[in-house]
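Encoded as structure tokens, the structure appears first; notes follow it.
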Amino acid sequence: MFKGFRDFILRGNVMDLAVAVIIGAAFTAIVNSLVSDVLNPFIAATLGKPDFSSVVLHVGTGVIKIGNFFNAIIAFLIIAFVVYFFLVLPTNSLMARFKKPEPEPAPAAPTKACTECLSDIPAAARRCAHCGQPQAA
2 MFKGFRDFIL
12 RGNVMDLAVA
22 VIIGAAFTAI
32 VNSLVSDVLN
42 PFIAATLGKP
52 DFSSVVLHVG
62 TGVIKIGNFF
72 NAIIAFLIIA
82 FVVYFFLVLP
92 TNSLMARFKK
102 PEPEPAPAAP
112 TKACTECLSD
122 IPAAARRCAH
132 CGQPQAA
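Residue numbers (this note's numbering): 2 to 138.
What follows is the structure, encoded as structure tokens:
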């Protein structure tokens with residue numbers, strides 16, 4: 002029972018996922034600091050308010066906090082930008098460098114059409130593999 006659990010835990014996918022979650026949590030702190038310490042003061046300098054959380058819609062007696070949604074979108078776009086340009090692109094270029102060139106596929110053998118069933122058969126065939134009819138040389 003424990004051997005199966007050990008094999009599951011030590012499998013590469015589980016370890017990769019655990020590392021990704023830990024790095025993601027640490028990266029979230031960095032992005033939150035970027036948004037609250039860098040971008041929000043920039044927004045405040047240009048728009049007069051530190052973020053979009055004050056943007057609300059009053060619908061009847063309810064309040065829709067659309068500004069918080071805008072803040073979440075900005076944080077998501079920053080995370081997506083950083084992940085793509087600082088993780089995905091460098092990793093892809095590094096993997097392309099180490100990837101072996103794929104061998105060219107062998108050219109296909111010449112074929113001809115069977116005179117009876119019109120299926121493709123090798124040019125050197127004396128009989129059709131599909132209908133069994135003899136073929137002219």
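Positions of the beta carbon are idealized from the N, C-alpha and C atoms, including for glycine.
Nothing here was measured: the structure is a model prediction, and the numbers come from that model.
inquiry  = Using CA atoms only, rank isn't needed, just tell me which of Leu119, Pro102, Cys118, Ala137 is closest to alanine 125.
reply    = Ala137
Short Cβ contact (8 Å threshold) for isoleucine 44 with aspartate 52 = yes
Within 8 Å, strictly: CB atoms of isoleucine 122 and alanine 110 = no
inquiry  = Quick check: the segment 30-37 against the segment 65-82, are at least 3 beta-carbon pairs closer than 8 Å?
reply    = yes
key: CA nearest to the CA of serine 55, picked from Phe3, Asn72, Pro42, Leu40   = Asn72
message = Are the CB atoms of valine 36 and isoleucine 67 within a distance shorter than 8 Å?
response = no
query = Which class does alanine 114 belong to by DSSP, given the choice of helix, strand or coil?
reply = Note: alanine 114 maps to strand in three-state DSSP.
Per DSSP, cross-strand counterpart(s) of histidine 59 = When beta bridges are read from the DSSP output, histidine 59 appears opposite Val64.
key: Ordered list of alpha helix (DSSP H) runs contained in the segment 13-94, each at least 4 residues   = 13-34, 41-48, 67-84
key: Terminal residues of the beta strand (DSSP E) in which proline 123 lies   = 121-123
request  = Could you work out which residue in Thr62, Val57, Arg128 is closest to phenylalanine 70 when comparing CA atoms only?
outcome  = Taking only the C-alpha atoms, the option nearest phenylalanine 70 is Val57.
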